[in-house]
Amino acid sequence: MTLEKNDLAFLCDVDMEVNITFFDRCRKNTNQGKMVYYPEVFKMYNSRFLNPDKNARRKHSRFRGHWGGYAFGMLCIYKSDYTKVGGLNTKMMGWGGEDVDLFQKVLKSRIEVLRAPDVGLIYRWHKRSCSKASLTENNYKQCLSSRAEALGDKRPLGHFLYLLQDMYPDLKQKLQIPV
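If you count the sequence shown from 1, position 68 lands on 68 in UniProt numbering, and the numbers rise without skipping.
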């Protein structure tokens, strides 16, 4: 980071939609040397499987996405605190782990963590590749789990599965779906 020690930083994923109102909460919920803000983001589902209800006006509904309580990539932290805890491990390769590693460093430092859902952060769905060859076994399993979770709400997905059964009658036997 090329910031001064008293500067406030916001670390985030590149595919994050950030509402301007978020930055005020980032500033208010971070206290240098005392508290960092780890907002929970709303993760959008694959639009292919979204509930077709055109009357749904709210972005933050269970049919459009879910709160990512396990994701730790978004963080508001002062440069001095970032340096104090040891920063991101830049030697980690592949999908996942670096954000959790930093979160654990912050917890060990005894800096208080504020964790709360923030409506100003929306993680847009995108195709994710999980390569077994380039990931540890644990990261590979986490990647597959994250990819499956991002497909959509269980109800529309179940409906989609039944539509597939009607289109492909032999699918029921292949998937071993009870009648």
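Even for Gly, the Cβ is constructed at its ideal location relative to N, Cα and C.
Is the Cβ-Cβ distance between residue i and residue j less than 8 Å?
i	j	result
residue 125	residue 45	yes
residue 76	residue 8	yes
residue 5	residue 109	no
residue 68	residue 43	yes
residue 72	residue 100	yes
Could you check the C-alpha separation between residue i and residue j for me, to the nearest Å?
i	j	result
residue 83	residue 39	20 Å
residue 55	residue 120	With a pLDDT of only 48 at residue 55, under the threshold of 50, the placement of this residue in the model should not be trusted; the figure read from the coordinates follows. Answer to the nearest angstrom: the Cα atoms are 22 Å apart.
residue 66	residue 170	33 Å
residue 127	residue 21	28 Å
residue 103	residue 168	46 Å
residue 19	residue 137	36 Å
residue 145	residue 130	10 Å
residue 30	residue 59	26 Å
residue 118	residue 24	12 Å
In its own chain, which residues sit with a C-beta less than 7 Å from the C-beta of residue i, not counting the 5 before and 5 after it?
i	result
residue 112	34, 35
residue 106	36, 85, 113
residue 116	39, 40
residue 140	130, 132
Bridge partners of residue i, per DSSP?
i	result
residue 113	36
residue 31	35
residue 16	123
residue 8	78
residue 85	DSSP, once it has assigned bridges, lists no residue as partnering residue 85.
residue 42	67, 122
Can you list, in chain order, the residues of its chain with a C-beta nearer than 6 Å to that of residue i? Leave out the 5 residues immediately preceding and following it.
i	result
residue 32	78
residue 10	26, 76
Which same chain residues end up closer than 8 Å to residue i when comparing Cβ atoms and leaving out the 5 residues on each side of it in sequence?
i	result
residue 166	none
residue 16	41, 74, 121, 122, 123, 124
residue 13	73, 74, 123
residue 47	125
Less than 7 Å between the CB of residue i and some heavy atom of the ligand MN, yes or no?
i	result
residue 169	What this structure holds is no ligand at all, so the ligand MN is not there to describe.
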